[in-house]
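S.K.:
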Amino acid sequence: MGSPIIEVSGLTKVYGMGEAMVYALHGIELQVNAGEFVVIMGASGSGKSTLMNILGCLDRPTSGTYILDGEDVSQLSKNKLADVRNRKIGFVFQAYNLLQKMDAVKNVTLPMLYNTENHRTDADRYKAAVEALESVGLGSRIHHRPTEMSGGQQQRVSIARALVNHPAMILADEPTGNLDTHSGAEILDLFHQLHAQGGTIVMVTHDPEIGRHAQRIVTVSDGVVLSDEYNPERRVN
Ligand code: ADP
Ligand code: MG
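The numbering of the sequence shown is this note's numbering, which starts it at 562 and goes up by one.
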């Protein structure tokens with residue numbers, strides 16, 4: 562097993578106040594190690610998006626601890642959280658979230674511009690973006706805009722964007738939700754490839770068919786982890 566990437570303990574998230582108070586997370590316990598491919602499953606309203614937002618450093622917990630790649634991020638300021646997010650996490654969203662006016666290579670370059678730690682030249686950034694696009698099979702489409710690509714191709718651009726800063730983990734929220742079966746299968750193949758190369762992947766879904774692709778399935782219900790099991794259909798590393 563690799564070193565811990567996610568160490569979450571007693572995590573709670575409360576929305577609202579007084580009578581309108583909602584406990585979205587109720588004491589989550591979760592550890593994910595480097596090199597794991599984990600799916601977080603649960604019905605609508607179970608707390609998946611809330612958990613995903615906290616794991617992705619988009620939001621802070623109300624209480625409990627979250628140690629990300631050895632760094633306690635439980636109560637960081639918004640600016641510090643944004644910085645950690647940019648360095649450590651590659652996001653893949655259901656709706657791709659690409660900038661429509663920019664071509665593929667510019668979309669993939671963006672996370673490097675926000676990365677204040679390494680001072681790369683424009684030429685270095687361009688080269689890294691092209692390499693990331695080649696790694697997802699889009700070497701011949703680097704100057705296409707999102708409107709000139711299929712859904713599957715757009716999602717591959719977003720995966721290249723997620724990979725370009727070499728994150729500690731990929732967080733994917735229903736990454737095949739907008740795709741037809743064939744394109745969805747291609748995207749899942751790509752995740753398997755990243756996993757085989759040593760990548761750490763945490764994928765959120767409500768769809769058990771998608772869940773079957775992971776090595777480990779964590780089920781969330783009413784803001785707690787209901788079960789956490791290795792998938793017998795997948796070999797455990
Ligand atoms: P899921 O992604 O599994 O559908 P969510 O994390 O979106 O679940 O929601 C968990 C619970 O928290 C739900 O009861 C939802 O209504 C509530 N909730 C989510 N976001 C907010 C918010 N911003 N304000 C108030 N309640 C919220
Ligand atoms: Mg949700």
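Glycine included, each C-beta is placed from N, C-alpha and C at the ideal position.
A quick note: this is a predicted structure, and the numbers were derived from the prediction, not measured.
Just to confirm the assignment, what range does the beta strand (DSSP E) spanning PHE598 have?
M.R.: Unbroken beta strand (DSSP E) run through PHE598: 598-602.
S.K.: Contact criterion: CB-CB distance below 7 angstroms. Does ASN676 meet it with respect to chain D?
M.R.: The structure shown has no chain D; it contains just one protein chain.
S.K.: Which residues have their C-beta within less than 5 angstroms of a heavy atom of the ligand ADP, listed in chain order?
M.R.: Working through the chain, the matches are TYR576, VAL583, ALA585, SER605, GLY606, SER607, GLY608, LYS609, SER610 and THR611.
S.K.: Rounded to the nearest angstrom, what separates GLU695 and ARG722 at their Cα positions?
M.R.: Roughly 12 angstroms separates the two Cα atoms.
S.K.: Output the boundary residues of the alpha helix (DSSP H) element that contains LYS662.
M.R.: LYS662 -> no alpha helix (DSSP H), and no H or E assigned at all.
S.K.: When the Cβ atoms of the segment 632-647 are set against those of the segment 587-603, are three or more pairs found closer than 8 angstroms?
M.R.: Counting Cβ pairs under 8 angstroms, fewer than three are found: no touch.
S.K.: Tell me whether GLU590 sits in a helix, a strand or coil according to DSSP, three-state version.
M.R.: Correct three-state label for GLU590: strand.
S.K.: On the criterion of 16 or more Cβ atoms from any shown chain inside 10 Å, does GLN716 qualify as buried, or is it exposed?
M.R.: The residue is buried, with at least 16 neighbouring Cβ atoms inside 10 Å.
S.K.: Start and end of the alpha helix (DSSP H) containing ILE650?
M.R.: First-last for ILE650: 650-653, but that is the beta strand (DSSP E), not the alpha helix (DSSP H).
S.K.: Using CA atoms only, rank isn't needed, just tell me which of ALA690, GLU747 and LEU659 is closest to LEU724.
M.R.: Among ALA690, GLU747 and LEU659, the Cα nearest to that of LEU724 belongs to ALA690.
S.K.: Tell me which residue opens and which closes the beta strand (DSSP E) that MET613 is part of.
M.R.: Not the beta strand (DSSP E): MET613 falls in the alpha helix (DSSP H), residues 609-616.
S.K.: Rounding to the nearest angstrom, what Cα-Cα distance links VAL569 and MET582 in this structure?
M.R.: Distance between the alpha carbons of VAL569 and MET582 is about 23 angstroms.
S.K.: Given ASP789, which residues of its chain have a CB within under 6 angstroms of its CB, disregarding the five upstream and five downstream residues?
M.R.: Result list for ASP789: VAL779, in chain order.
S.K.: Given a cut-off of 7 angstroms on the beta-carbon distance, is the pair ASP620 and ILE566 in contact?
M.R.: Not in contact: ASP620 and ILE566 (Cβ atoms no closer than 7 angstroms).
S.K.: What beta strand (DSSP E) runs, 3 residues minimum, are completely inside the segment 696-732?
M.R.: With a minimum length of 3 residues, no continuous beta strand (DSSP E) run stays inside the segment 696-732.
S.K.: Can you tell which of GLU580, TYR675 and SER719 has the C-alpha that lies nearest to the C-alpha of ASN640?
M.R.: If we check each option's Cα against that of ASN640, TYR675 comes out closest.
S.K.: Would you kindly work out how many angstroms separate the C-alpha atoms of LEU572 and ARG702, rounded to a whole number?
M.R.: Those two C-alpha atoms are separated by around 42 angstroms.
S.K.: Mark GLY579 as exposed unless 16 or more other C-beta atoms lie within 10 angstroms of its C-beta, in which case mark it buried.
M.R.: Exposed, because fewer than 16 other Cβ atoms sit within 10 Å of the Cβ of GLY579.
S.K.: I think LEU729 touches THR766, with their Cβ atoms under 8 angstroms apart; what is that distance to the nearest whole Å?
M.R.: As written in the sequence, residue 729 is Ala, which differs from the Leu given in the question. Between THR766 and ALA729 the Cβ distance is about 21 angstroms, and since that is not below 8 angstroms, they are no contact.
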